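Counting from 3, one number per residue, gives the positions in the sequence shown under this note's numbering.
Heads up, the beta-carbon is just placed ideally off N, CA and C, and yes, glycines get one too.
Remember, predicted model here, so these are calculated numbers, not experimental data.
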Amino acid sequence: MTKHVLLPAGSIAFALLASTAIAAPTCGANTGAAATGAPIKVGGIHGNAAPGDFSASTTAAKAYFDCVNANGGIGGRPIEYLVENDQWNPEMAAQAASKLLKDEKVVAIVGNGSFVEMAVNAPLYKEENIMAMAAACAVSECFESSNIVSTNQGPLPSTVGAAQYIVEEKDTKSAVCIGLTIPNVGNWSCGAMEGYMTSKGLTGASVLLNPASPDVNSGLLEAVATGADTIVVNLPAGLAIAFLKAAEEQGLGDSYKWASSTPLYDRTVPEALGSYWDGKMFINAELTPWDKGGPDATNWLAVLDAYAPKDAARDTFSQSGFLSAKYFVDTLMKMDPATLDDRAAVTTAIKAITGYTSDLTCGPYYVGEADRHMPNHAGTMVVVKGGTFETVRDCYEYDSPYFAPIIAQEKALGLH
């Protein structure tokens, strides 16, 4: 199996990749001339407060839109990207969507990332006939709604994928999933992992932490009490690191097999975890490893280097935000310029997407008319090693009954 290694930021090879990226960001029409026409209003909503910061998705989307605006826009018109922070508060999430849809009259929502926003606003998106091309979905409503589609997978596929790898490669017999008690997040994703384990004649359990006051030490004790031989961490990166630090303090790194869903695939994580977790922590990556050097992987870094803050995250959600923005722009550029302010026309165009591909994903991106959307349901596995990540399994499909209707939809579209 070919292995792709993400090199440390200080290495020569990574520096060469970064310098290549800086040299040639390409976006939209790539004219090199700034767009000057009337703006096209587009919205975005992220969550940034305890228990985590999902703003990487909208930051990357904004960077791509800024690059597009500097390169001719959409038929000469710039994108005005209006971003709101729901602060993980349902009331604020509802207010943000109402402001964007009813006051600002945006034609689409792009790059969203939140634990609560989609759960609150999915009915409004359908009622207003607007599409949300999300990038950091985390709740079931995001994937089980007619008017939301995301480039990321969410915690259910990623957690199932992590468990599948550890079962198939490390002979796990019993796994416990560590999640959050947020409705339709922890119970939904960890429950699917339990279902996967049961389907294989194995044992699964869940320990869910209160996101308002997560007690990682108590959660760790509960996980140990299940008798599992494997702990699958399904938490935002900062909280996941805290949980693993608690396990390190108890000397549990070698007592269990360890896996995680995608939030720990962030290039700051190996250093944050330290050498103790070297070779121990296996992480599912919802998008392909960013060191592979394909056109979109390289351009994503290029766009962020040129148009995002220097401290902007380079992680899976950032990749997803870049892709959602790119797919949105690609779609609008094919439309009749006279219809770009027509929300219904934009919605129709987005729903007509049938097969965008990228080196950042393991399969095609599509939308279609459906009650659920999850085009991204295959991923890769990496391990923390040598202060960085090493790919241990390239693109593989996840094994769960949950994906049956998704596969059926893809077959109907001729994509599977």
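Contact check for ASP343 against VAL109 passes: the beta carbons are separated by less than 8 angstroms. Closest by C-alpha distance to LEU266, out of GLN321, THR28, GLY240, is GLY240. With respect to the 8 angstroms criterion, GLY45 and GLU106 are classified as neighbours on the basis of their beta carbons.
In this model, MET195 and ALA414 are separated by some 27 angstroms (Cα to Cα). Per DSSP, PHE245 is one residue of the alpha helix (DSSP H) stretching across 239 to 251. Between ILE285 and SER262, the gap from beta carbon to beta carbon is short of 8 angstroms. LEU223 counts as exposed, since fewer than 16 other C-beta atoms from the protein chains shown sit within 10 angstroms of its C-beta.
In this structure, the beta-carbon distance from GLY357 to ASN378 does not fall below 8 angstroms. For CYS29, no beta strand (DSSP E) run applies, since DSSP gives it neither H nor E. Its chain contains GLY49, ASP88, TRP90, ASN91, PRO92, ALA95, VAL141, ILE184 as the residues whose beta carbon lies nearer than 8 angstroms to that of VAL118, once the 5 sequence neighbours on both sides are disregarded; these appear in chain order.
Following the DSSP letters along the chain, one finds ASP173 in no beta strand (DSSP E), marked with neither H nor E.
As a beta-bridge residue in DSSP terms, SER152 pairs with ALA136. Considered as a whole, the segment 330 to 413 harbours 380 to 387, 390 to 399 as its complete beta strand (DSSP E) runs of no fewer than 3 residues, in chain order. Here the alpha carbon of THR359 sits roughly 12 angstroms from the alpha carbon of SER326. In this chain, the beta strand (DSSP E) harbouring TYR83 covers 81 to 87.
In terms of Cβ geometry, ALA164 and VAL234 form a close pair [threshold 8 angstroms].
Nearest to GLY188 by C-alpha distance, out of LEU204, SER176, ASN212, LYS172, is ASN212. About 7 angstroms separates the CB atoms of ASN114 and SER59; that is less than 8 angstroms, so the two are in contact. In the DSSP assignment, VAL44 falls outside any alpha helix (DSSP H) and within the unbroken beta strand (DSSP E) covering 42 to 48.
When C-beta atoms of the segment 119 to 138 are compared with those of the segment 303 to 313, fewer than three pairs fall below 8 angstroms, so the two segments do not count as touching.
In the DSSP annotation of this structure, LEU303 is not part of any beta strand (DSSP E); the continuous alpha helix (DSSP H) holding it starts and ends at 297 to 309.
Here the alpha carbon of THR264 sits roughly 23 angstroms from the alpha carbon of LYS312. Looking only at MET283, TYR127, GLU399, the smallest Cα-Cα distance to ALA98 is reached by TYR127. Here GLU251 is exposed. Its C-beta has fewer than 16 other C-beta atoms within 10 Å. The three-state secondary structure of ILE111, taken from DSSP, is strand. Rounded to the nearest whole angstrom, the CA to CA distance from VAL384 to LYS282 is 11 angstroms. By the 16-neighbour rule on beta-carbons within 10 angstroms, ILE243 is buried. With fewer than 16 other Cβ atoms inside 10 Å of its own Cβ, SER215 counts as exposed.
Across the structure, LYS64 and LYS175 are spaced so that their CA atoms are roughly 44 angstroms apart. Shortest Cα-Cα distance from ILE168 to any of ASN186, LEU204, THR270 involves LEU204. Under the three-state reduction of DSSP output, ILE76 falls in the strand class.
Secondary structure note for LYS259: its beta strand (DSSP E) is the uninterrupted segment 259 to 262. Residues of the same chain with a CB within less than 7 angstroms of the CB of VAL122, apart from the 5 flanking positions on each side, are PRO92, ALA95, ALA96 in chain order.
Under DSSP, VAL209 shares a beta bridge with ILE180. Taking all protein chains in view, the Cβ of HIS418 is surrounded by fewer than 16 other Cβ atoms within 10 Å, so the residue is classified as exposed. The three-state reading of DSSP puts ALA124 in helix, counting H, G and I together.
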